[in-house]
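Colleague: Here it is, the structure in full.
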Amino acid sequence: MLSLNTVNLYLRFVCTCNSSFRPLNKTVIKNLSSKSSTSVKNTNQGKKIDVKLGKYDYVGPPHEKANIRPLIFYCHDRETRLETLYRQNREETQDWNITFWSHHNEKASFVKKKLQEKYANNYSSSEPKSLTAEEMSVFYKSFLDENLRTHSQYNKEWYKRNFKNLYLAFLIVLEKIFKRKL
0 MLSLNTVNLY LRFVCTCNSS FRPLNKTVIK NLSSKSSTSV KNTNQGKKID VKLGKYDYVG
60 PPHEKANIRP LIFYCHDRET RLETLYRQNR EETQDWNITF WSHHNEKASF VKKKLQEKYA
120 NNYSSSEPKS LTAEEMSVFY KSFLDENLRT HSQYNKEWYK RNFKNLYLAF LIVLEKIFKR
180 KL
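Dropping the structure here:
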C-alpha cells in the first residue's frame, strides 16, 4: 500500500461540470487510512492504490505520456452485474485510450526530435536551432498523413467502445426503473 502522502499527491483532483465527478478534499484524504479500502487502479504507474473514495468518480492528474486525465471509478458494495460490467468496460476503454495516446505521443516526439536534428544541421552555429512555425506545420501535416489509417482505426474503435458503454448505461437505467416499479 502506498503512503498517505503519495496518495495525496496522486489524488490532486479537479472538479468537472458533471455532478458525478468530485475533487478529493482534505477530509477524505485524512480518513483514507481509517476506512475500509477499495482497490483502485493507478493508470499512471500501473499500480493499485487502496482508498475509499465515496460515492463519486474522481479525476486524476494527467498521464505523463498520454496527457489524459484518468478517472478513478467508484465501485459501490451492491453493484449489480450490469454495473460491474459497465465499470469494467469503462476502465478497459480508458486503459486502451491511454495506451494508444502514449504510443502516439512517443512516436510524434521521436519524429520531432529527428526533425529538429535535421534542421539543426542545416543552420549555421550563429542561427537559432528551434523550428519555425512553417517547418512545424510541414512536419505535423506529414505526420498526420502518415498516420491517417491509424487515426481512422482509432476513431472506429473509439466509437464502438463508447456505443457499448452507452448501451450498458441505458440497460442500467432500465434496470433501475423496473426495480422501482416492483
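Oh and the sequence shown: position 26 is 25 in numbering that gives the first Met the number 0, straight run, nothing missing. Note that beta-carbon positions come from the ideal geometry of N, C-alpha and C, so glycine has one too.
Who pairs with Tyr57 in a beta bridge, going by DSSP?
Modeller: Ile71
Colleague: Here's the rule I'm using: 16 or more other beta-carbon atoms within 10 Å means buried, otherwise exposed. How should Arg89 be labelled?
Modeller: Buried: at least 16 other Cβ atoms inside 10 Å.
Colleague: Taking just the CA atoms, how far does Asn161 sit from Val137?
Modeller: 33 Å
Colleague: From which residue to which residue does the alpha helix (DSSP H) around Asn154 run?
Modeller: Leu147 to Lys180
Colleague: In the structure shown, what three-state DSSP assignment does Arg89 receive?
Modeller: helix
Colleague: Spatial neighbours of Thr98 within its chain, please: C-beta separation below 6 Å, excluding the five flanking residues on both sides.
Modeller: For Thr98, there are no CB contacts under 6 Å within the same chain when 5 residues up- and downstream are skipped.
Colleague: Compare the C-alpha of Leu130 against each of Gln115, Tyr139, Lys140 and Leu143 and name the closest.
Modeller: Gln115
Colleague: Would you kindly work out how many angstroms separate the C-alpha atoms of Lys180 and Val172, rounded to a whole number?
Modeller: 13 Å
Colleague: Can you look up Glu63 in the DSSP assignment and give me helix, strand or coil?
Modeller: Here Glu63 carries a coil assignment [DSSP, helix/strand/coil].
Colleague: So for Lys25, helix, strand or coil by DSSP?
Modeller: For Lys25, the pLDDT reaches just 45, beneath the cut-off of 50, and the residue's location in the model is therefore unreliable, leaving the point undetermined.
Colleague: For Leu3, count neighbouring C-beta atoms within 10 Å of its own C-beta (all shown protein chains included) and say buried if the count is 16 or more, exposed if not.
Modeller: Interpretation of Leu3 is limited by its pLDDT of 47, a score under 50 that renders its predicted location unreliable; the figure taken from the coordinates is listed afterwards. So Leu3 counts as exposed.
Colleague: Return the Cβ separation of Arg86 and Phe109 in integer angstroms, given the expectation that the two are a contact with Cβ distance under 8 Å.
Modeller: 35 Å between Cβ atoms; not a contact.
Colleague: Is it buried or exposed, Gln152, if we count other Cβ atoms within 10 angstroms and call 16 or more buried?
Modeller: exposed
Colleague: Specify the secondary structure class of Leu130 as computed by DSSP and reduced to three states.
Modeller: coil
Colleague: Can you look up Glu78 in the DSSP assignment and give me helix, strand or coil?
Modeller: coil
Colleague: Would you be able to state if there are at least three C-beta pairs under 8 Å between the segment 61-78 and the segment 141-151?
Modeller: These segments do not touch.
Colleague: Have a look at His62 and Tyr55 and give me their C-alpha separation to the nearest angstrom.
Modeller: 20 Å
Colleague: Please list, in chain order, all residues of the same chain as Ala168 whose beta carbon is under 7 Å from its beta carbon, the five residues on each side excluded.
Modeller: Its chain contains Tyr85 as the residues whose beta carbon lies nearer than 7 Å to that of Ala168, once the 5 sequence neighbours on both sides are disregarded; these appear in chain order.
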